[in-house]
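Asks:
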Amino acid sequence: MGGPDDETGSPAAPDAGSDAAAGTAAEGGQESGRDVRGERSLLVLRLLPNLVSILGLCAGLTAIRFAITGNVNIAVLLVALAAFLDGLDGRLARMLRSESAIGAELDSLCDFVNFGVVPAMVLWIWGLRAEASMGWIAVLIYAVCCMLRLARFNVGNREEVPTEKTGFIGVPSPAGAMLALTPIYVAHVTGYRLHEAVITFWMVAVGALMISRLPTPSLKRVRIPASAAPYALVAAVAAVALVITYPWVTLLLFSVGYATSLAWHALRHLRHREG
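Just so we're aligned, residue 119 is where the sequence shown starts under the working numbering, counting upward by one.
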């Protein structure tokens with residue numbers, strides 16, 4: 119729940135201790151304590167964020183299964199589901215006041231599998247097996263880059279924390295996973311499958327973006343006027359409807375839009391350094 123590479127995640131409470139998952143006391147009563155036998159107890163509801171993280175892991179692993187059986191469409195949608203659940207568990211943790219050290223570690227491990235291993239394997243199964251050597255090297259590079267990004271985040275690099283000015287440093291792993299799968303979106307929308315060499319280069323490039331020092335946007339820091347809130351809600355509903363009705367077009371538009379924002383942030387960063 120609420121992992122280090124999640125825009126909605128939150129760090130473990132410093133005084134959580136070995137029983138951090140037990141959470142804190144609620145208004146009007148103690149939500150965790152000891153039962154009549156003196157054993158530590160906690161509300162089952164506080165385990166919900168961890169359960170969401172585990173469900174995300176199950177979705178990611180199941181994506182590999184569907185890719186192996188030839189159902190790449192379902193595999194990609196399961197990766198998208200894992201990304202959605204990764205954003206949900208952090209919010210649940212804060213709502214339930216159940217942030218914990220074990221939850222953060224669990225989320226980080228799930229992130230590596232879901233966004234480091236699974237997308238690479240799905241792409242390998244779908245379009246890289248013809249390039250046996252170079253394709254597999256790209257898979258390894260991408261997975262290692264994701265692992266390094268999460269490790270860098272976990273050691274508490276202060277620059278990895280979103281700020282008002284820069285957002286994230288490097289592409290977050292969930293966004294990187296959805297970006298890496300772009301060749302599949304292109305194939306569904308245009309009917310044209312990119313050459314294996316292009317897919318290989320794309321995977322390596324996305325991996326490099328994850329470990330880069332490039333400032334990247336954070337949705338958590340986007341602010342809108344209060345008067346625009348109804349329009350934002352309508353836009354969110356429209357986005358969900360588009361994902362359901364036209365999933366491949368919507369995912370491709372997401373990738374193009376996100377890649378464009380990365381290029382814009384890179385130009386701003388270069389101008390700032392030169393200035």
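Where is the CB? At the ideal position from N, CA and C, for every residue including glycine.
(1) Measuring only the C-alpha atoms, how far is Thr378 from Arg183?
(2) When burial is assigned at 16 or more other CB atoms within 10 Å of the CB, is Met213 buried or exposed?
(3) Could you say which of Ser216, Ser218, Gly178, Ala222 lies nearest to Phe462 if we only look at CA atoms?
(4) Gly288: which of Gly245, Thr308, Ala346, Thr334 sits nearest, CA to CA?
(5) Going by alpha carbons, who is nearest to Val257 out of Trp242, Arg270, Phe271, Arg267?
(6) Mind the definition here: the segment 309-320 touches the segment 346-366 only if three or more C-beta pairs lie below 8 Å; say whether that holds.
(7) Should Trp382 go down as buried or exposed, given a rule of 16 or more other Cβ atoms within 10 Å for buried?
(8) Which stretch, first to last residue, makes up the alpha helix (DSSP H) that contains Glu223?
(9) What is the rounded straight-line gap between the Cα of Gly245 and the Cα of Cys176?
(10) Using 7 Å as the threshold, is the C-beta distance between Tyr303 and Trp366 below it?
(11) Name the one or two DSSP bridge partners that Thr334 has.
Replies: Taking the structure as given:
(1) For Thr378 and Arg183, the distance between alpha carbons rounds to 32 Å.
(2) By the 10 Å Cβ count, Met213 comes out exposed.
(3) Nothing about residue 462 can be reported from this structure: the residues present for the chain run from 119 to 393 only.
(4) For Gly288, the nearest C-alpha among the options comes from Thr334.
(5) Ranking the options by Cα distance to Val257, first place goes to Trp242.
(6) Touching, no.
(7) Classification for Trp382: exposed.
(8) From DSSP, the alpha helix (DSSP H) with Glu223 extends over 219-230.
(9) Using only the alpha carbons, I get a separation of about 23 Å.
(10) Closer than 7 Å, so yes.
(11) Partner(s): Phe286.
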